[in-house]
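Protein sequence lines correspond, in order, to chains B and P. Under this note's numbering, think of the first position of the first sequence as 815, with each following residue one higher. Under this note's numbering, think of the first position of the second sequence as 815, with each following residue one higher. Below: the structure, in structure tokens.
Protein chains: 2
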Amino acid sequence: MKLSNTLQRRVIIEELRKVKSHPTADELYQLVRQRLPQVSLGTIYRNLELLSEDGQIQKLELTGKQKRFDGNIKEHYHMRCSNCGCIVDVEDKEIDAIHDNLQVLVERNGFDGFRLELIGRCSRCGNT
Amino acid sequence: MKLSNTLQRRVIIEELRKVKSHPTADELYQLVRQRLPQVSLGTIYRNLELLSEDGQIQKLELTGKQKRFDGNIKEHYHMRCSNCGCIVDVEDKEIDAIHDNLQVLVERNGFDGFRLELIGRCSRCGNT
DNA sequence: ATAAGAATAGTAATCATTATTAAAATATTG
DNA sequence: CAATATTTTAATAATGATTACTATTCTTAT
């Protein structure tokens with residue numbers, strides 16, 4: 815079924831695409847509220863689910879108790895900062911290469927797929 | 815600090831080591847209750863955390879909203895069944911090999927580590 | 001055995017998420 | 001455009017997993 819074009823939905827998409835922080839539903843709620851003070855948290859949750867089912871945004875399958883969302887639907891990797899817990903995008907040719915290798919290997923061994931989450935330090939937290 | 819030797823703690827470890835199902839805290843609570851009917855769910859949670867900090871059991875870093883625990887502290891991979899959601903151990907030479915490759919690659923690119931979760935069908939659910 | 005510290009059962013509180021519902025907005029059809 | 005059907009919304013309640021609190025009991029080290 816096609817999704818209706820509602821103001822709330824438009825603002826949710828816009829705000830999600832503005833940020834690169836892979837927000838949780840609640841974080842996005844805070845952003846959307848600045849433009850639509852009456853918006854309800856349930857609306858955020860419902861739309862994030864619907865929009866990700868519809869392929870307009872990405873629901874991230876990551877460890878941790880909160881779901882996170884990404885306005886960028888191009889497949890790419892994520893790194894979790896071992897210090898602050900934030901999620902950052904990984905743009906890395908070599909990781910793309912290992913992805914392809916993993917995919918082949920994993921399928922050759924009868925698995926359907928895999929989830930890979932990188933761990934490191936984000937730029938804010940440095941290398942120490 | 816060293817952990818005291820309590821009956822509850824012993825039974826929790828024993829029951830966890832008996833099963834290969836990577837239970838959640840609540841699932842383990844059901845098992846422990848059969849031997850200690852007065853045990854409290856809080857005791858299960860607290861001890862699972864303490865025991866994993868102490869290295870006596872493994873807390874699994876997996877996607878999904880519930881934490882899971884493993885009595886086997888030897889490092890090994892896990893597969894999530896895409897049908898029933900259960901977690902099964904993966905014993906696979908090739909996966910071990912890719913693990914080592916990934917480790918090298920990931921470190922060479924400045925990451926500290928990674929989490930890999932395989933996806934497939936468990937033996938109960940078959941290959942369809 | 002006793003005192004100090006740790007762990008327990010029971011309960012309440014918290015956090016993330018999902019469900020419910022009546023009213024409002026949007027889409028469809030004639 | 002008007003009438004109707006459908007979807008979505010805000011507000012609220014409910015759920016499920018986990019954590020916090022607390023008075024009492026158990027362990028451990030003297």
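Backbone N, C-alpha and C define an ideal beta-carbon position, used for all residues, glycine too.
In the DSSP annotation of this structure, the continuous segment of the alpha helix (DSSP H) that includes Lys907 (chain P) starts and ends at Lys907 to Arg922. The C-alpha of Asn819 (chain B) is placed about 11 Å away from the C-alpha of Ile827 (chain B). The beta-carbon distance between Leu864 (chain B) and His836 (chain B), rounded to whole angstroms, is 19 Å. This is too long to meet the 8 Å contact definition. Per the DSSP secondary-structure output, Cys936 (chain B) pairs with nothing in a beta bridge. Comparing C-alpha distances from Asn941 (chain B) to each of B:Asp903, B:Cys895 and B:Asn886 shows the shortest one belongs to B:Cys895. At a beta-carbon threshold of 8 Å, the residues of chain B lying near Glu908 (chain P) are Leu919, Arg922 and Asn923, ordered along the chain. Look at Thr877 (chain P) here: in three-state DSSP terms it is coil, with no helix or strand label. Near chain B, meaning a CB-to-CB distance below 9 Å, the residues of the segment 925–939 of chain P are Phe925, Asp926, Gly927, Phe928, Arg929, Leu930, Glu931, Leu932, Ile933, Gly934 and Arg935.
Residue state for Val853 (chain B) is assigned as coil, using DSSP reduced to three classes. Taking the beta carbon of Glu875 (chain B) as reference, the chain P residues within 7 Å of it are Thr877, listed in sequence order. Just measuring C-alpha positions, the residue of P:Asn915, P:Ala839 and P:Cys939 sitting nearest Lys907 (chain P) is P:Asn915.
Judged by their CB atoms, Asp903 (chain B) and His890 (chain B) are nearer to each other than the 7 Å cut-off. Around the beta-carbon of Ile858 (chain P), 16 or more other beta-carbon atoms lie within 10 Å, marking it buried.
At a Cβ-Cβ threshold of 7 Å, Tyr843 (chain B) and Leu862 (chain B) do not count as neighbours.
Within chain B, the residues placing a beta-carbon under 9 Å from that of Ile912 (chain P) are Ile912, Asn915, Leu916, Leu919 and Val920, ordered along the chain. If you check each beta-carbon in the segment 887–905 of chain P against every beta-carbon of chain B, the ones closer than 7 Å belong to Met893 and Ser896. Per DSSP, the continuous alpha helix (DSSP H) segment holding Ile826 (chain B) begins and ends at Leu821 to Lys832.
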